[in-house]
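Protein sequences appear in the order of chains A and B.
So in the numbering used here, spot 172 of the first sequence is number 172, and the numbers just go up one at a time.
So in the numbering used here, spot 185 of the second sequence is number 185, and the numbers just go up one at a time.
We put the CB at the ideal spot given by N, CA and C, even for glycine.
Here the structure is laid out as structure tokens; the discussion comes afterwards.
Number of protein chains: 2
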Amino acid sequence: MSVLVVGSVALDSVETPFGKVDDALGGSATYFSAAASYFTDVNVVAVVGQDFPHDQIEFLKKRHVNFDGLVTRPGKTFRWGGKYDFDLNQRETLFTHLNVFEEFDPELPDHYKNIPYLFLANIHPDLQLKVLQKMNRPKLVIMDTMNFWIERTPDSLNKVLKLIDILIINDSEVRELSEDPNLFTGAKKIQLMGPKILAIKKGEHGALLVEDGNYFVAPAFPLDRLQDPTGAGDTFAGGFVGYLSKVDDYSQSNLRKAVIYGSTLASFCVEKFSLEKLKNLSEKDIENRYQQFIEMTRCD
Amino acid sequence: MSVLVVGSVALDSVETPFGKVDDALGGSATYFSAAASYFTDVNVVAVVGQDFPHDQIEFLKKRHVNFDGLVTRPGKTFRWGGKYDFDLNQRETLFTHLNVFEEFDPELPDHYKNIPYLFLANIHPDLQLKVLQKMNRPKLVIMDTMNFWIERTPDSLNKVLKLIDILIINDSEVRELSEDPNLFTGAKKIQLMGPKILAIKKGEHGALLVEDGNYFVAPAFPLDRLQDPTGAGDTFAGGFVGYLSKVDDYSQSNLRKAVIYGSTLASFCVEKFSLEKLKNLSEKDIENRYQQFIEMTRCD
Numbered sequence: 001m002s003v004l005v006v007g008s009v010a011l012d013s014v015e016t017p018f019g020k021v022d023d024a025l026g027g028s029a030t031y032f033s034a035a036a037s038y039f040t041d042v043n044v045v046a047v048v049g050q051d052f053p054h055d056q057i058e059f060l061k062k063r064h065v066n067f068d069g070l071v072t073r074p075g076k077t078f079r080w081g082g083k084y085d086f087d088l089n090q091r092e093t094l095f096t097h098l099n100v101f102e103e104f105d106p107e108l109p110d111h112y113k114n115i116p117y118l119f120l121a122n123i124h125p126d127l128q129l130k131v132l133q134k135m136n137r138p139k140l141v142i143m144d145t146m147n148f149w150i151e152r153t154p155d156s157l158n159k160v161l162k163l164i165d166i167l168i169i170n171d172s173e174v175r176e177l178s179e180d181p182n183l184f185t186g187a188k189k190i191q192l193m194g195p196k197i198l199a200i201k202k203g204e205h206g207a208l209l210v211e212d213g214n215y216f217v218a219p220a221f222p223l224d225r226l227q228d229p230t231g232a233g234d235t236f237a238g239g240f241v242g243y244l245s246k247v248d249d250y251s252q253s254n255l256r257k258a259v260i261y262g263s264t265l266a267s268f269c270v271e272k273f274s275l276e277k278l279k280n281l282s283e284k285d286i287e288n289r290y291q292q293f294i295e296m297t298r299c300d
Numbered sequence: 001m002s003v004l005v006v007g008s009v010a011l012d013s014v015e016t017p018f019g020k021v022d023d024a025l026g027g028s029a030t031y032f033s034a035a036a037s038y039f040t041d042v043n044v045v046a047v048v049g050q051d052f053p054h055d056q057i058e059f060l061k062k063r064h065v066n067f068d069g070l071v072t073r074p075g076k077t078f079r080w081g082g083k084y085d086f087d088l089n090q091r092e093t094l095f096t097h098l099n100v101f102e103e104f105d106p107e108l109p110d111h112y113k114n115i116p117y118l119f120l121a122n123i124h125p126d127l128q129l130k131v132l133q134k135m136n137r138p139k140l141v142i143m144d145t146m147n148f149w150i151e152r153t154p155d156s157l158n159k160v161l162k163l164i165d166i167l168i169i170n171d172s173e174v175r176e177l178s179e180d181p182n183l184f185t186g187a188k189k190i191q192l193m194g195p196k197i198l199a200i201k202k203g204e205h206g207a208l209l210v211e212d213g214n215y216f217v218a219p220a221f222p223l224d225r226l227q228d229p230t231g232a233g234d235t236f237a238g239g240f241v242g243y244l245s246k247v248d249d250y251s252q253s254n255l256r257k258a259v260i261y262g263s264t265l266a267s268f269c270v271e272k273f274s275l276e277k278l279k280n281l282s283e284k285d286i287e288n289r290y291q292q293f294i295e296m297t298r299c300d
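This is the structure in structure tokens:
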């Protein structure tokens with residue numbers, strides 16, 4: 001089954017202790033698509049400026065990522081600049097130039113409206129709602145959000161939360177959104193707000209899946225060297241949603257596998273800057289690492 | 001096979017958002033023994049003052065914990081006071097009165113010298129070394145340490161590390177001891193210092209076992225409510241070492257099970273203050289929770 005993603009396509013300038021890139025390909029929709037494209041067809045809704053280097057997304061088009069919903073507007077592309085210290089869990093935003101993204105008003109080509117899997121990346125909840133209302137109700141709606149929307153637009157956020165199936169969120173955001181210091185009781189409170197399933201990202205500590213009283217805990221991959229954590233969350237979402245749409249089923253067993261595929265793709269993402277590592281993975285690369293994940297937690 | 005533990009028996013005064021206890025039973029050897037006693041015979045080497053309320057360890061004696069190596073000295077028992085805020089990962093030490101523990105010079109009853117499993121709890125590395133030298137080389141030597149010794153007595157610590165098999169240590173201490181911000185390369189550096197196996201405690205994020213290039217990642221138990229995290233690390237060690245000595249084998253498969261048993265016992269420990277919860281567990285309580293751990297990470 002194919003997937004629709006609504007999010008950002010951006011140019012990132014990132015500095016970590018291991019190097020530096022300027023105006024490198026980034027954005028939530030981009031990372032998501034790259035990861036999901038290893039499992040399924042992906043359709044993108046996003047906006048870029050006239051300066052966008054379209055040749056940089058050629059590799060995605062070759063992997064059947066459809067950009068019919070990518071609109072070019074007068075002005076510059078969304079740019080973000082950030083810096084990471086040795087503790088790659090902490091980042092400093094150097095600048096955020098929304099540019100054409102500031103007026104982003106997602107338009108859905110008609111042939112996008114029946115796509116069964118919808119991923120609403122981290123954008124203004126009013127836009128997430130608008131997209132959802134333009135669609136024929138997808139089979140599965142997954143969304144991401146962030147502290148910014150939790151703090152600034154709680155009413156809008158609450159409206160969208162009521163309408164979605166799965167929330168992908170990080171652990172500190174669970175605590176903030178639920179106003180509960182305990183991750184597990186916090187997750188239960190969020191389930192009462194709408195999403196029946198939570199995929200909670202914990203960075204170097206892996207991920208936690210919550211469905212009813214059912215927990216699944218997955219580790220992060222033990223990497224000797226991370227170069228750049230940018231995009232890891234969206235890449236996780238891409239592997240997670242991509243796998244679910246491929247198998248077209250979200251039983252507990254498939255949700256668990258989807259978490260491991262998400263973690264697998266995220267672990268590749270952080271090994272190099274920008275989308276470098278996500279460009280040329282083989283099916284074998286992915287399967288091998290997936291198996292390593294399984295081996296790491298096996299206890300029998 | 002029986003286990004020998006050398007560590008502290010103390011009286012703790014602890015305050016958390018969920019309550020408060022004064023002069024409650026505590027100490028590394030105590031928590032360790034309580035947990036290990038569910039798997040095997042335990043023998044304690046420690047010191048207390050004349051004020052120690054011996055009736056408080058009656059429940060351990062009834063479970064075949066041998067206190068022939070518990071010496072009473074003139075003076076007061078080691079006392080520690082601490083306070084936890086809602087973030088139970090962070091604690092503030094209010095006071096540390098070493099009292100008789102300051103002059104602790106571990107004495108080994110003769111019938112302790114051939115015990116095959118030795119746990120050196122977190123005490124001065126010179127004392128750990130002394131105990132090890134007094135023993136006929138045990139089959140397996142496991143030790144704990146802390147930032148205090150890493151910073152203050154690195155030479156002594158390095159001497160003991162050369163002689164042990166398994167180091168139980170927390171993640172921030174791995175980074176400090178190895179001087180490496182990456183947990184995995186840090187662990188490899190520590191393996192070069194002596195211990196072939198590391199059991200790394202990550203608090204609410206579970207535990208990581210490292211043996212050669214082999215990683216095993218275990219979650220922490222999802223608890224809705226923790227009352228008091230004091231002693232969780234020593235309780236983990238008790239379950240871990242207790243299980244290994246019970247099966248008398250430390251293959252990768254048994255090491256993994258030992259990590260889960262350690263995590264299981266630690267998860268009970270933090271549910272109540274002091275050793276309250278560890279007093280009356282049944283075999284069924286432990287097996288049920290062990291199975292819940294296994295279910296939480298199963299992906300097939």
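is_contact[residue i, chain A] using C-beta, thresh 9 angstroms
i: Ala218(B); result: yes
i: Met296(B); result: yes
i: Gly242(B); result: no
i: Tyr215(B); result: yes
i: Leu177(B); result: no
i: Gly206(B); result: yes
i: Lys301(B); result: Residue 301(B) lies beyond the range of chain B shown here (1 to 300); nothing can be said about it.
i: Asp361(B); result: Since the first residue of chain B shown is 1 and the last is 300, residue 361(B) is not available in this structure.
i: Thr16(B); result: no
i: Phe273(B); result: no
i: Ile286(B); result: no
i: Thr185(B); result: yes
Close beta carbons around residue i, own chain, < 7 angstroms, minus the five adjacent residues each side
i: Ile190(A); result: Leu167, Val174, Leu177, Ser178 and Leu198
i: Gln56(A); result: Leu25
i: Asn99(B); result: Gly49, Gly75, Lys76, Thr77, Phe78 and Arg79
i: Met296(A); result: Pro219
Exposed unless 16 or more other CB atoms sit within 10 angstroms - verdict on residue i
i: Gly262(A); result: buried
i: Glu58(B); result: exposed
i: Phe86(B); result: exposed
i: Pro229(A); result: buried
i: Glu211(A); result: buried
i: Pro125(B); result: buried
i: Asp41(B); result: buried
i: Lys20(B); result: exposed
i: Lys257(B); result: buried
C-beta neighbour in chain B for residue i, strict 9 angstroms
i: Ser37(A); result: no
i: Pro301(A); result: Chain A is shown only over 1 to 300; residue 301(A) falls outside these bounds and no answer can be derived.
i: Ser172(A); result: no
i: Asp212(A); result: no
i: Leu192(A); result: no
i: Lys202(A); result: yes
i: Leu223(A); result: yes
i: Ser267(A); result: no
i: Asp87(A); result: yes
i: Leu167(A); result: no
i: Phe236(A); result: no
Option in the options with minimal Cα separation from residue i
i: Asn43(B); options: Gln227(B), Cys299(B) and Tyr117(B); result: Tyr117(B)
i: Ala289(B); options: Leu223(B), Asn182(B), Gly233(B) and Ala29(B); result: The sequence shown places Arg at residue 289(B), not Ala. Nearest C-alpha to Arg289(B): Leu223(B).
i: Asn89(A); options: Lys20(A), Lys201(A), Asn122(A) and Pro109(A); result: Lys201(A)
i: Phe101(A); options: Gly69(A), Tyr112(A), Ala10(A) and Asp249(A); result: Ala10(A)
i: Arg63(B); options: Met1(B), Phe104(B), Lys279(B) and Leu265(B); result: Lys279(B)
i: Pro106(B); options: Ile123(B), Asn114(B), Thr96(B) and Phe95(B); result: Ile123(B)
i: Ser33(A); options: Cys299(A), Gly233(A) and Phe18(A); result: Gly233(A)
i: Met135(A); options: Val3(A), Lys257(A) and Phe148(A); result: Val3(A)
i: Pro195(B); options: Ser37(B), Asp180(B) and Asn158(B); result: Asn158(B)
i: Thr96(B); options: Leu192(B), Val45(B), Asp12(B) and Met1(B); result: Asp12(B)
i: Thr93(A); options: Lys284(A), Glu204(A), Glu15(A) and Thr30(A); result: Glu15(A)
Nonlocal neighbours in the same chain, by C-beta distance under 6 angstroms from residue i, ignoring five residues either side
i: Leu120(A); result: Val6, Gln128 and Met143
i: Ser28(B); result: Gly7, Ser8, Ala121, Asn122 and Asp234
i: Leu108(A); result: Lys134
i: Phe18(A); result: Gln227
i: Val160(B); result: Pro125, Gln128 and Leu129
Close-in-space but distant-in-sequence residues of the same chain around residue i (CB under 8 angstroms, 5 per side omitted)
i: Leu183(B); result: Asp171, Val174, Arg175, Ile200 and Leu208
* Asked: Can you find at least 3 beta carbon pairs, one from the stretch 139-154 of chain A and one from the stretch 229-246 of chain A, that sit closer than 8 angstroms?
  -> yes
* To do: Count the C-beta pairs between the stretch 251-258 of chain A and the stretch 271-286 of chain A that are closer than 8 angstroms, then say yes if the count reaches three, no if not.
  => no
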